[in-house]
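In this note's numbering, the protein residues as written are 40 to 363.
Here the structure comes first, spelled out in structure tokens, and everything after it is commentary.
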């Protein structure tokens, strides 16, 4: 989503843009969002409709080339960016680079978390809202983050029975009103301040065992699905590849648009990849500003990058398409 906003802003400022997206359609996690999201025009529409509109605008823009089902494999010396596309390997040499790779779920460690049926929130949201497949019949949602509550509502809406919603945070840390009124009205069991002890089952999960943080008896919840919303982390692999070679530096005290990264000229990071945006409107604004910022950058040299290994700079570099 931030990448789409950045591409449109950069193209609108006169740059030629290549947009690379792993998905069959561009847009990232917002493609699976059915709740209303405020768009750039201030109007609230379901998230998947907003991102579909942005994707259509990108495809129709004369200055944007959209590569879907494509993966950027690395960021190499000389600015080479090999992309695995359905038509084969394409090596881009962009004059500017914006990383908007989003973020992804982090697992919650507990015994049995690798049993089939124990799933993370992002894939479950995609299953029900993009693929229209219910992950199971009876689910426990472990909501260590606020978005877990929203996903519990979506599961309930598509007919999945909720055995319970469990929040493993201390009750004093859980905001008042966190548990959705619709789930309370449906008498969905709610267990705030309960830690996950283990998941059990042989070929698939059959039970989740939780216990109160304050002490007390364990609770055994029969289920065939456990959905874990334990937090998200930036998909920062492209940046980390250069971090270890000195082109990108890390300073966790930074509080800037690029998150904790100090980047070379002509490089920007936007949205979840920066770790600084938590809502769709913020990601849209962040992406658009990053695209405009890149368009204002005047290259003195093309993405100064050190070799990935001793002597690598002297090797022939692959050639291919260019983007700006």
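Glycine included, each C-beta is placed from N, C-alpha and C at the ideal position.
Bear in mind that the values here come from a model prediction, so they are computed numbers and not experimental data.
Where residue 163 is concerned, there is no enclosing beta strand (DSSP E), although the alpha helix (DSSP H) around it starts and stops at 160-168.
Per the coordinates, the alpha-carbon of residue 251 lies some 50 Å from the alpha-carbon of residue 105.
Exposed is the label assigned to residue 110, since fewer than 16 other Cβ atoms lie within 10 Å of its Cβ. In this structure, DSSP gives residue 326 a helical state, which the three-state scheme calls helix.
Short of 7 Å from the beta carbon of residue 161, and not among the five residues preceding or following it, lie these beta carbons of its own chain, in chain order: 68, 143 and 144. Between the alpha carbons of residue 187 and residue 337 lies a gap of roughly 43 Å.
Counted as a single uninterrupted DSSP element, the alpha helix (DSSP H) harbouring residue 191 occupies residues 186-196. Spanning the alpha carbons of residue 234 and residue 166 requires a straight line of approximately 26 Å. Counting along the chain, the unbroken alpha helix (DSSP H) around residue 90 starts and ends at 86-99. Between residue 311 and residue 329, the C-beta gap is not smaller than 9 Å, which leaves the two residues out of contact.
For residue 200, same chain residues with a beta-carbon under 8 Å away, outside a window of 5 residues either side, are 176, 177 and 178 in chain order.
One thing to note: residue 146 has its Cβ no nearer than 9 Å to the Cβ of residue 238. About 5 Å separates the beta carbons of residue 118 and residue 132, which is inside the 8 Å limit, making them a contact pair. For residue 238, the uninterrupted beta strand (DSSP E) segment begins and ends at 233-239. By alpha-carbon distance to residue 85, the top candidate from 319, 326 and 325 is 319. According to DSSP, residue pairing for residue 83 in a beta bridge involves 77. The secondary-structure analysis by DSSP pairs residue 263 with nothing; it has no beta-bridge partner.
Straight-line measurement puts the Cα of residue 46 at about 12 Å from the Cα of residue 325. Within the same chain, 167 and 173 come within 8 Å of residue 197 by CB-CB distance, once the 5 residues on both sides are set aside.
Under the three-pair Cβ rule at 8 Å, the region 121-141 counts as touching the region 50-66. The C-alpha of residue 63 is placed about 26 Å away from the C-alpha of residue 306. Taken atom to atom, the span from the alpha-carbon of residue 249 to that of residue 210 is near 15 Å. Counting along the chain, no beta strand (DSSP E) covers residue 134, and no H or E run does either.
The Cβ atoms of residue 49 and residue 256 do not sit closer than 9 Å to each other.
Residue 250: member of the beta strand (DSSP E) spanning 246-251, first to last residue. The criterion of a C-beta distance shorter than 9 Å is satisfied by residue 181 and residue 205.
Residue nearest to residue 226 within the set 278, 203, 280 and 281 is 203 (criterion: CA-CA distance).
Proximity to residue 236 across 247, 54 and 112 peaks at 247, based on C-alpha coordinates. When rounded, the separation of the alpha-carbon atoms in residue 275 and residue 140 is 7 Å.
Here DSSP, grouped into helix, strand and coil, assigns residue 120 to strand. Distance check between residue 71 and each of 280, 277 and 40 places 40 closest, using alpha-carbon atoms only.
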